[in-house]
Amino acid sequence: MTVIEAPRSRARSRTSFEMYSWIFMRMSGLLLVVLVLGHLLIMNVLDGGVQRVNWGFVAGRWASPFWRTWDLMQLWLAELHGTNGLRTVINDYAVRDSTRFWLKMLLYTSAFLVLVLGTLVIFTFDPSMK
Amino acid sequence: MTLVTLKIRRYDPELSEDAFWQSFEVPVESGDRLLDALHHVKWYLDGSLTFRRSCAHGVCGSDAMRVNGVNRLACKVLIKDLGDEITVEPLKGLPTMKDLLVDMEPFFDAFRAVKPFLMTSGNAPTRERLQSAEDRARFDDTTKCIMCAACTTACPIFWNDDQYFGPQAIVMAHRFIFDSRDEGAEERLEILNDKEGVWRCRTTFNCTDACPRGIEVTKAIQEVKRALIFHHT
Ligand code: SF4
Ligand code: FES
């Protein structure tokens, strides 16, 4: 017989983290539909499609703060949305506590690297760079 | 009279640590329920078969089990809807004690944790606490629960995380949260705002599908989530 721990007896945290994370998933999801579909449309469909995308094209777009903000939001929202989704998947499926811990550490580290690197590029991109 | 095969998941910790499948050929009438077939096995073929049942009419909630892979009440599901080979297993996610008998205590613990009783303040009135028909209708659906555990043990989150409150506890909380006579809504919402509370729900809808009373379980859970976000009940 498998013995189940007495449920829900642990001390409760009084934060509403899970609620905010739940709301964030819905809100970021809605925003991402607009941002990502818009991005795909601009990059792959509108005048000339993906063939015209090169260094100069990116430089031209990023000269405008509007597109930098767009890409920055896309980066942060998508990365956090995905990370949070994987966090819940790990919570759902990891059986052992140590597995759960290490999978999450791996996840958070990779998310951190992607965010830092991506943000760095968006802010420091220099069109005259060789 | 036709013959059907019942393939039953057997387990007896006094004999062996391992569960195994055992098949029985059972004669059934056209209107028979699964419970009648189980009775036939217990009364005429193998008296050691263990399962719970009490009312035999879908009222007490004792005989929820996994039938052909989905949770059903044995006393409510008809043999003719199940095919000629029927698999019967104990509810998943609760410890099996013997054959189809599971330990319901973890389930009841979650039920108790949401304070399933009327909470009021002030002096008790000398007569009934009145309520309008509209106010009563607000939580009518969740008053129908018979605590069979079919929903909670159909939930994939509960299978993997026995700390999750589970659909039934949320249904029970819903029944009081949206009751105009009750004053414990905030307290119950706070309890379900836990990391193992309503936010654990992934709207899989297994609970709604499993409920023998036709309660819209997933909808009730969503309404509790909404009450937590918008603070009105
Ligand atoms: S909500 Fe339905 S399935 Fe769940 S315990 Fe109550 S009656 Fe059973
Ligand atoms: S025996 Fe009472 S609900 Fe089935």
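Respectively, the protein sequence lines represent chains A and B. For the first sequence, this note's numbering gives the first residue as 13, with consecutive numbering after it. For the second sequence, this note's numbering gives the first residue as 14, with consecutive numbering after it. Beta carbons: idealized from backbone N, C-alpha and C, even for Gly.
Residues close to the ligand FES by the beta carbon criterion (under 6 Å to any non-hydrogen atom) are, from first to last along the chain, B:66, B:67, B:68, B:69, B:71, B:72, B:73, B:74, B:75, B:76, B:86, B:88. When DSSP states are grouped into helix, strand and coil, residue 117 of chain B belongs to the coil group. Residue 103 of chain B has its Cβ no nearer than 7 Å to any heavy atom of the ligand SF4. Taking 8 Å as the threshold, the shortest C-beta distance from residue 206 of chain B to chain A falls below it. Distances from the alpha-carbon of residue 221 of chain B to those of B:18, B:213, B:94, B:164 put B:164 closest. The beta carbon of residue 138 of chain A does not come within 8 Å of any beta carbon belonging to chain B, so the residue lies off that interface.
Residue pairing by DSSP places residue 77 of chain B opposite B:86 in a beta bridge. Annotation for residue 74 of chain B: 159, 160, 161 place their beta carbon closer than 6 Å to its own, counting only its chain and skipping 5 residues before and after. Chain A has a Cβ within less than 8 Å of the Cβ of residue 241 of chain B. By the Cβ-count criterion, residue 57 of chain A is exposed, with fewer than 16 other Cβ atoms from all chains shown falling within 10 Å of its own Cβ. Taking residue 98 of chain A as the centre and dropping the five residues before and after it, the same chain places the C-beta of 119 closer than 6 Å to its C-beta, in chain order. Of the heavy atoms belonging to the ligand SF4, at least one sits nearer than 7 Å to the Cβ of residue 184 of chain B. Taking 8 Å as the CB threshold, residue 31 of chain A lines the interface with chain B. Each residue's CA atom was taken as its position, placing residue 67 of chain B and residue 48 of chain B some 11 Å apart.
Judged by beta-carbon spacing, residue 178 of chain B lies within the 8 Å limit of residue 205 of chain B, meaning their Cβ atoms are closer than that value. Contact check between the region 183–194 of chain B and the region 232–240 of chain B: three or more CB pairs, one atom from each, fall below 8 Å, which counts as touching. The C-beta of residue 104 of chain A comes closer than 8 Å to at least one C-beta of chain B. Within chain B, no C-beta atom comes less than 8 Å from the C-beta of residue 110 of chain A; the nearest is roughly 16 Å away. Of all residues in the region 26–56 of chain A, only 28, 30, 31, 34, 35 place a beta-carbon less than 7 Å from a beta-carbon of chain B. Going by DSSP, residue 180 of chain B is part of the alpha helix (DSSP H) stretching over 180–190.
Note that the C-beta distance between residue 81 of chain B and residue 223 of chain B is not below 8 Å.
Between the ligand SF4 and the CB of residue 228 of chain B, the shortest heavy atom gap is smaller than 7 Å.
Relative to the non-hydrogen atoms of the ligand SF4, the Cβ of residue 214 of chain B never comes closer than 7 Å to any of them. Rounded to the nearest angstrom, the gap between the Cα atoms of residue 53 of chain A and residue 70 of chain A is 15 Å.
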